[in-house]
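Written out below as structure tokens is the structure these notes cover.
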Amino acid sequence: MINYTDRISLLMRDIVARVPTLGFIDLDEVLVFARWGRSDAEGAFATCHCLNLPPSEPGYYFWRDRTSGEVTRRSEWFVTKSPIVRVGNQAITYLISFALPRFCDQSLQRSRKAEFFPGADPWLAKLDTLVHELYHIDPAESGIRRIEREDGTYARHSHGPGFYEDVAAMVKHYLASGPDPELYAFLREDFSSLQARHGEIVATTFRTFPSYPQRYMEVLTDQPRVSGERADVRIEPLRAPTQPREYTERDLVVRRFRRRGARRAASRELAA
Ligand SMILES: [Zn+2]
Numbered sequence: 032m033i034n035y036t037d038r039i040s041l042l043m044r045d046i047v048a049r050v051p052t053l054g055f056i057d058l059d060e061v062l063v064f065a066r067w068g069r070s071d072a073e074g075a076f077a078t079c080h081c082l083n084l085p086p087s088e089p090g091y092y093f094w095r096d097r098t099s100g101e102v103t104r105r106s107e108w109f110v111t112k113s114p115i116v117r118v119g120n121q122a123i124t125y126l127i128s129f130a131l132p133r134f135c136d137q138s139l140q141r142s143r144k145a146e147f148f149p150g151a152d153p154w155l156a157k158l159d160t161l162v163h164e165l166y167h168i169d170p171a172e173s174g175i176r177r178i179e180r181e182d183g184t185y186a187r188h189s190h191g192p193g194f195y196e197d198v199a200a201m202v203k204h205y206l207a208s209g210p211d212p213e214l215y216a217f218l219r220e221d222f223s224s225l226q227a228r229h230g231e232i233v234a235t236t237f238r239t240f241p242s243y244p245q246r247y248m249e250v251l252t253d254q255p256r257v258s259g260e261r262a263d264v265r266i267e268p269l270r271a272p273t274q275p276r277e278y279t280e281r282d283l284v285v286r287r288f289r290r291r292g293a294r295r296a297a298s299r300e301l302a303a
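Below is the structure:
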């Protein structure tokens, strides 16, 4: 059996210890978890989710009458908030998710990253993704290094010029610093090869799988009137969030990942 998210976490600790640009990162505040993602489907290999963004400004949705232009209907006032995630006494400020088995099957071949690693082994694409996600963590600890979407994930276009080059340089720096090859050996193998070697591939997920902590809307207790609004404006109630607002280690569940899906393997306490 191989615990893929544990291996990634261990490797990340070595990376932040060896790459000065990432040295400010406190990995106790970063939780790595797995999501489901097929290898033959489009989608992200990994995502950095920020939990330390402040609540949004109060707002509401509205609908205008097509002819008069007047607002005839609007939602209640709400703010969007980040959920709270704690592991034991440790507050988590970032989540980094990996899509399995897709991430395991990532390769430099047919990848736009290939230009930064001429002649390199195909598995380096995975190390590049790991560093890429760490690079999203903001050194000012005030939220994010790059522009973030409302749902807490990073927009693809937020990678400014130089982002990919910086990441590739950090990958090369890490490898040149003489790390123990055992630490990243698991990245050399694709999903099938890992299965053949280890039997089961397990990973940390949230109990709410396939869902995970995401920004949610909270209705304001105080619902101010909108100045100049029609007296008969229809106010639509917002649906209460169905996802938890707080998560702890009790919400972490180890799942077994296979080509066709993920199943719960065993629950465990991750406080240690
Ligand atoms: Zn990114």
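Just add 31 to the spot in the sequence shown (first one is 1) and you have this note's numbering. Note that CB positions come from ideal geometry on N, CA and C, so glycine has one too.
Do residue i and residue j have their C-beta atoms within less than 8 Å of each other?
i: Lys112; j: Tyr205; result: no
i: Arg117; j: Thr279; result: yes
i: Pro275; j: Asp282; result: yes
i: Met43; j: Gly230; result: no
i: Ala216; j: Leu131; result: no
i: Glu107; j: Gln254; result: yes
i: Tyr195; j: Phe148; result: no
i: Glu164; j: Ile127; result: yes
i: Arg261; j: Thr103; result: yes
i: Ile39; j: Phe129; result: yes
i: Val284; j: Arg238; result: yes
i: His277; j: Ile56; result: The amino acid occupying residue 277 in the given sequence is Glu; His does not appear at that position. No. Outside cutoff.
i: Phe288; j: Val198; result: no
i: Leu218; j: Asp45; result: no
i: Phe240; j: Ala293; result: yes
Taking the beta carbon of residue i as the centre, do at least 16 other beta carbons fall within 10 Å, making it buried, or is it exposed?
i: Thr36; result: buried
i: Tyr92; result: exposed
i: Pro244; result: buried
i: Thr252; result: exposed
i: Ala122; result: exposed
i: Asn120; result: exposed
For residue i and chain D, any beta-carbon pair shorter than 8 Å?
i: Ala171; result: In the structure shown, chain D cannot be found, because there is only a single protein chain.
Can you give me the Cβ contacts of residue i inside the same chain, cut-off strictly under 8 Å, excluding the 5 residues immediately before and after it?
i: Thr124; result: Glu60, Val61, Cys81, Leu82, Asn83, Glu172
i: Arg133; result: Gly68, Arg69, Ser70, Ala72, Gly74, Phe76
i: Pro153; result: Ser138, Leu139, Gln140
i: Ser142; result: Ala156
i: Trp94; result: Val102, Thr103, Arg104, Arg105
i: Val110; result: Pro86, Ser87, Glu88, Pro89, Gly90, Met248, Glu249, Leu251
i: Ser99; result: none
i: Gly54; result: Val47, Ala48
Say the cut is 7 Å; is the CB of residue i nearer than that to a heavy atom of ligand 1?
i: His80; result: no
i: His167; result: yes
i: His163; result: yes
i: His190; result: yes
Skipping 5 residues on each side, what residues in its chain have a beta carbon closer than 6 Å to that of residue i?
i: Asp136; result: Ser70, Asp221, Phe222
i: Val202; result: Leu158, Asp159, Val162
i: Asp96; result: Thr103
i: Lys144; result: Ala156, Asp159
i: Arg291; result: none
i: Asn34; result: Val233
Short of 7 Å in beta carbon distance, which residues of its chain neighbour residue i, apart from the five on each side in sequence? Order them along the chain.
i: Pro51; result: none
i: Val264; result: Val102, Thr103, Arg104, Arg105
i: Ser258; result: none
i: Pro268; result: Glu107
i: Leu41; result: Leu214
i: Gln226; result: Ile232
Between the stretch 58-77 and the stretch 207-214, can you find at least three pairs of beta-carbon atoms closer than 8 Å?
no
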